[in-house]
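Residue numbers (the numbering used here), protein chains in the order written: chain A, 939 to 1102; chain B, 3 to 256. For each residue, glycine too, the CB sits at the ideal point set by N, CA and C. Encoded as structure tokens, the structure appears first; notes follow it.
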Amino acid sequence: MSSQTITIAAVYESLAHVMDPEIPVLSVVELGMITGVTLDTAAVHIKMIPTFAACPAVGYIQHNIKTVLENELGIAVNVEVDKQEHWHSNRMTAAAREKLEAFGIAPPKVLTGEVSTEIMMEVPCPHCGSGQTYLRSPFGSTLCRAIHFCKACGQVFEQFKPLE
Amino acid sequence: MINSAALTDLIIKMADDELIQGHRNSEWTGLGPVMEEDIAFSSMAQDKIGHAWALYRILYEDLGGRHPDAFAFLRPEKEFKSSHLVEMPNGEYDFSLMRHFLFDQAEAIRYESLQDSSYEPLRLLSKKVKGELKYHTLHANAWIMQLSQAGEESYNRMQQALNYAFALAAGIFEPSQEYEEVLIADKVYPGEKVLYQRWLDRVYPVLVKASLNLPEISDIVPVYGGRQGIHTPYLQPLLKEMSEVFNLDTEASW
């Protein structure tokens, strides 16, 4: 395929095949990490943002995007971090929230303003749906997750943190 | 045109505080009193060092500074501008938590003030960091409350930790002798004096809720010196340990 026949839509379709290394059910598009796609005759240019500033997987994700797209589209791919945009949890698509929940991770609540203590602490259980939960720790197995406990089903669960 | 020497000075002191506090946080990895706390301090270490890296990156890309790794690991002690608060050894958990509370509230205030900065790279970064810091202050506030209400010994230790840490924490707000006025005039940030006042207003209600007694503010003599390159005896050994692997081969590609 030459660049003349590649469309922006085809690039996004290909990006949907690049999964997040820490949450393998979500693609970089569903997570809202892609901020821009442009095409020129020689290459595709992707702009992306990490969920958390100190995310150690950024380099790995950039590499994955480049490898998958070059392989599927047959054109050179540049991936750079977009400094004008910052990630917030409302960037995550509705489909992504559902997939997260099915994966056993409570999705971030859709924010209408700033993140309050209540929003950080009141999280329904992704396993049984109960609201009888409490925050065990705002830090979990990765920077983007918190640990909660459900008193109704007696299980520890993780939450993808809401971020403004 | 904003004064770049003044910007460089401000960014170095912010970044060095993040790096050194991040390293201290990482010293709890594997030693936390409960699993969640081990993970919390390790995660906060990662955040802090990531924020330091982003700040060093601004120096490197926009202000003609050195590469972040070289700048972090190869600088002599006297060129660091970290505050004495972050240099102190972790000590026991009471001090570590109290420092975490006082430091992260100060960070939150500082990054909030940068939302309006005239300097774009700091303004953009601050929007990102501000949201992330909410989890640090949530964690800190929760533990200050918890341990201040956990019996006499626990309460006394938290009060002692506060008495000890307060003047050190006030030292975070050491104004630059050379650049303070120009940074304020250029609307980069509101200046240390304003941030100090906002910080007092922010920590006070939490401490009152925890029934801890704030030391008499007028008696506080902030521990200054760090911003001028005068450090505690604890910084040099920390720098040596932190850069040990890097110095095995400074040209290595990781």
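Could you check where the alpha helix (DSSP H) with residue i kicks off and where it finishes?
| i | result |
| --- | --- |
| A/T976 | Counting along the chain, A/T976 falls outside any alpha helix (DSSP H), though it belongs to the beta strand (DSSP E) covering I972 to L977. |
| B/A7 | S6 to S28 |
| B/F73 | P70 to F75 |
| A/I1085 | No alpha helix (DSSP H) holds A/I1085; the beta strand (DSSP E) holding it covers R1083 to C1088. |
| B/E182 | E182 to A187 |
| B/P207 | E194 to K211 |
| B/P123 | E122 to S150 |
| B/F168 | E154 to A172 |
| A/E1056 | T1055 to M1059 |
| B/A108 | Y95 to S115 |
| B/L250 | E246 to L250 |
| B/L87 | H86 to E89 |
Mind checking which residues open and close the beta strand (DSSP E) that includes residue i?
| i | result |
| --- | --- |
| B/M37 | From DSSP, B/M37 is part of no beta strand (DSSP E) but of the alpha helix (DSSP H) over M37 to D64. |
| A/Y1072 | T1071 to S1075 |
| A/F1095 | Q1093 to F1098 |
What residues from chain A crowd round residue i, counting only those whose CB sits closer than 9 Å?
| i | result |
| --- | --- |
| B/I140 | The amino acid at residue 140 of chain B is misidentified as Ile; the sequence shows Leu. Those within 9 Å of B/L140 in chain A are T1055, M1058, M1059, L1073 and P1076. |
| B/L56 | Here the sequence assigns Ala to residue 56 of chain B, which means Leu is not the residue at that position. By Cβ distance, chain A contributes A991 and A992. |
| B/Q148 | Ordered by position in chain A, no residue passes the 9 Å Cβ test against B/Q148, which lies about 12 Å from the chain. |
In chain B, what lies closer than 7 Å to residue i by C-beta?
| i | result |
| --- | --- |
| A/K1099 | Y137 |
| A/E1018 | Neighbours of A/E1018 on chain B: none; closest Cβ ~12 Å, over 7 Å. |
| A/E1102 | G133 |
Below 9 Å between beta carbons: does that hold for residue i and residue j?
| i | j | result |
| --- | --- | --- |
| B/L140 | B/S128 | no |
| A/I1029 | A/L969 | The sequence shown places Arg at residue 1029 of chain A, rather than the Ile named in the question. Closer than 9 Å, so yes. |
| B/S150 | B/A108 | no |
| B/Q230 | B/Q199 | no |
| B/F168 | B/W201 | no |
| A/K1004 | A/V1017 | yes |
| A/V924 | A/K985 | The requested residue 924 of chain A does not occur in the structure, where chain A is confined to residues 939 to 1102. |
| A/E1060 | A/G1078 | no |
| B/F82 | B/D18 | yes |
| A/K1099 | A/P1046 | yes |
| B/G66 | B/Y58 | no |
| B/I23 | B/R101 | Contrary to the premise, residue 23 of chain B reads as Gln rather than Ile in this sequence. Yes; because the gap between Cβ atoms is below 9 Å, this pair is in contact. |
| A/C1063 | A/A1084 | no |
| B/F103 | B/N143 | yes |
| A/P988 | A/V996 | yes |
| B/A171 | B/F105 | yes |
| B/P91 | B/R26 | yes |
Per DSSP, which one or two residues make a beta bridge with residue i?
| i | result |
| --- | --- |
| A/M986 | A/I972 and A/V1019 |
| A/M957 | A/S965 |
| A/I1043 | A/E1096 |
| A/A981 | A/A1014 |
Can you tell which of the options has its C-alpha closest to the C-alpha of residue i?
| i | options | result |
| --- | --- | --- |
| B/W145 | B/S245, B/K15, B/L197 and B/A42 | B/A42 |
| B/T31 | B/L21, B/S44 and B/W256 | B/S44 |
| B/I219 | B/Y236, B/Q148 and B/N165 | B/N165 |
| B/E243 | B/I14, B/E79 and B/V36 | B/E79 |
| B/V225 | B/G34, B/S84 and B/R68 | B/S84 |
| B/T302 | B/H86, B/K189, B/M160 and B/L33 | One cannot answer for residue 302 of chain B here, as it falls past the ends of chain B, which runs 3 to 256. |
| B/G173 | B/R77, B/R159 and B/E89 | B/E89 |
| B/A56 | B/L21, B/E29, B/V210 and B/L33 | B/L21 |
| B/R112 | B/N249, B/L12 and B/F248 | B/L12 |
| A/D958 | A/M971, A/H1065, A/Y1072 and A/V982 | A/M971 |
| A/G1051 | A/I1043, A/V1015 and A/L1101 | A/L1101 |
| A/A1032 | A/A947, A/T945, A/S965 and A/I946 | A/S965 |
| B/K195 | B/V208, B/L185 and B/P177 | B/P177 |
| A/V1011 | A/Y998, A/V982, A/L1073 and A/L1049 | The residue asked about is misnamed: residue 1011 of chain A is Leu in this sequence, not Val. Among A/Y998, A/V982, A/L1073 and A/L1049, the Cα nearest to that of A/L1011 belongs to A/V982. |
| B/Q48 | A/T976, A/P994 and A/T989 | A/P994 |
| B/K136 | A/E1056, A/H1065 and A/N1002 | A/E1056 |
| B/D203 | B/G193, B/P192, B/Y191 and B/L216 | B/L216 |
| B/R159 | B/T10, B/P35 and B/Y95 | B/Y95 |
| B/D188 | B/F248, B/A171, B/A163 and B/E122 | B/E122 |
| B/E63 | B/S245, B/E38, B/T10 and B/N92 | B/T10 |
| B/E134 | B/G153, B/H53, B/D71 and B/E29 | B/H53 |
| B/Q238 | B/M16, B/K15 and B/L76 | B/L76 |
| A/V963 | A/Y1072, A/S1054, A/C1091 and A/R1035 | A/R1035 |
| B/Y157 | B/V205, B/E38, B/Y191 and B/L99 | B/L99 |
| A/I944 | A/Q1070, A/N1002, A/A1040 and A/A1014 | A/A1014 |
| A/A1040 | A/F990, A/C1066 and A/H1001 | A/C1066 |
Starting from residue i, find everything on chain B with Cβ-Cβ shorter than 9 Å and list it in chain order.
| i | result |
| --- | --- |
| A/I1085 | E38 and I41 |
Give me the chain A residues within the contact set of residue i, using Cβ-Cβ distance strictly less than 7 Å, ordered along the chain.
| i | result |
| --- | --- |
| B/S45 | F1077 and L1081 |
| B/G52 | A991 and A992 |
Can you pull the chain B neighbours of residue i, defined as C-beta to C-beta under 8 Å?
| i | result |
| --- | --- |
| A/A1021 | As written in the sequence, residue 1021 of chain A is Lys, which differs from the Ala given in the question. By Cβ distance, chain B contributes P123 and L126. |
| A/H1026 | G133 |
Residue i touches chain A at which residues, Cβ-Cβ below 8 Å?
| i | result |
| --- | --- |
| B/V131 | A991 |
| B/Q48 | A992, P994 and L1081 |
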